[in-house]
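Take a look at the structure below.
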Amino acid sequence: MIRPHTAPQPTPAATLPLTLWGEVAEPLSLTVADLRAGWERRRAEVVFDCATAGPRHHAFAGPLLREVVAAVRPRFDPARRKERSRFPLAVSGGEGHHTVLSWAEIDADFGDAPVLLATRMDDREPDGAGPRLVVPSDRCGARYVSAVTGVRNGRHLLGGTPPSEA
Ligand SMILES: Nc1nc2c(c(=O)[nH]1)N[C@H]1C(S)=C(S)[C@@H](COP(=O)(O)O)O[C@H]1N2
Ligand SMILES: [Mo]
1 MIRPHTAPQP
11 TPAATLPLTL
21 WGEVAEPLSL
31 TVADLRAGWE
41 RRRAEVVFDC
51 ATAGPRHHAF
61 AGPLLREVVA
71 AVRPRFDPAR
81 RKERSRFPLA
91 VSGGEGHHTV
101 LSWAEIDADF
111 GDAPVLLATR
121 MDDREPDGAG
131 PRLVVPSDRC
141 GARYVSAVTG
151 VRNGRHLLGG
161 TPPSEA
């Protein structure tokens, strides 16, 4: 009987593509290689704090989240600031970890935060690790989601009528 050297491994989440979906004109799945090739690379040197592991210092590089999301054309009228001000983004990654941002945080007319989908950390480019959300303005590390597989866009994440008014 021929035995493989190693047992077959399940596909790690980190090798899955990143899918931009939700309230967008064109959903899109991107590999780490696509992210490197398709957008201008920005750098961010950051310090963030982890409740369990202490302060982390890293140099990240990759495209701006807002430029990648712009490619799928989120369904808001760009000329209407109120629409942009209430458009949410939910980012999911490895271990089922997920978080939310608002478009206004990253929009140049509002928070203008240079949030990245980093493909490089400390001069290493581990393709298997997947992209990492980098939020340089955050003091805590919880939104530095690693192995990002999804960015869900849209107003369906918010809104509605408070029960007290229904
Ligand atoms: N996919 C994923 N990303 C994650 C987490 C996680 O559990 N899963 N933990 C977050 C938290 S709480 C912190 S503090 C940082 C820790 O980053 P490090 O492991 O590179 O030090 O990762 C963040 N990103
Ligand atoms: Mo953390």
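Counting from 1, position 70 in the sequence shown corresponds to residue 70 in UniProt numbering; the numbering is continuous, with no gaps.
Glycine included, every Cβ here is placed at the ideal spot set by N, Cα and C.
Between the alpha carbons of HIS97 and LEU16 lies a gap of roughly 15 Å.
Residues with their Cβ less than 6 Å from any non-hydrogen atom of ligand 1, running along the chain, are CYS50, ALA53, ARG56, GLY93, GLY94, GLU95, HIS97, GLY141, ALA142, TYR144, VAL145, SER146 and ALA147. VAL24 and PHE87 have their C-alpha atoms spaced approximately 11 Å apart. Cβ-Cβ separation between THR19 and THR119: approximately 16 Å, too far for a contact (criterion under 8 Å). The C-beta distance from GLY94 to SER146 rounds to 6 Å, short enough to meet the 8 Å contact threshold. GLY93: not part of any beta strand (DSSP E); DSSP gives it neither H nor E. Listed in chain order, the non-local C-beta contacts of PRO78 below 8 Å within the same chain comprise ARG84, local neighbours out to five positions each way being set aside. Between ARG80 and ALA53, the alpha-carbon positions lie close to 42 Å from each other.
For the pair ASP112 and PRO55, the Cα-to-Cα distance works out to about 24 Å.
Residue PHE48 holds the alpha-carbon nearest to the alpha-carbon of ARG143 among ARG73, VAL68 and PHE48. Going by DSSP, TRP21 is part of the beta strand (DSSP E) stretching over 18 to 22.
Under DSSP, the beta-bridge partners assigned to GLU45 are ALA59.
When DSSP states are grouped into helix, strand and coil, HIS98 belongs to the strand group. In the assembly as shown, ALA61 is a buried residue. Its beta-carbon has 16 or more other beta-carbons within 10 Å. Of the candidates ALA129, PRO27, GLY128 and LEU133, PRO27 places its Cα closest to the Cα of ARG73.
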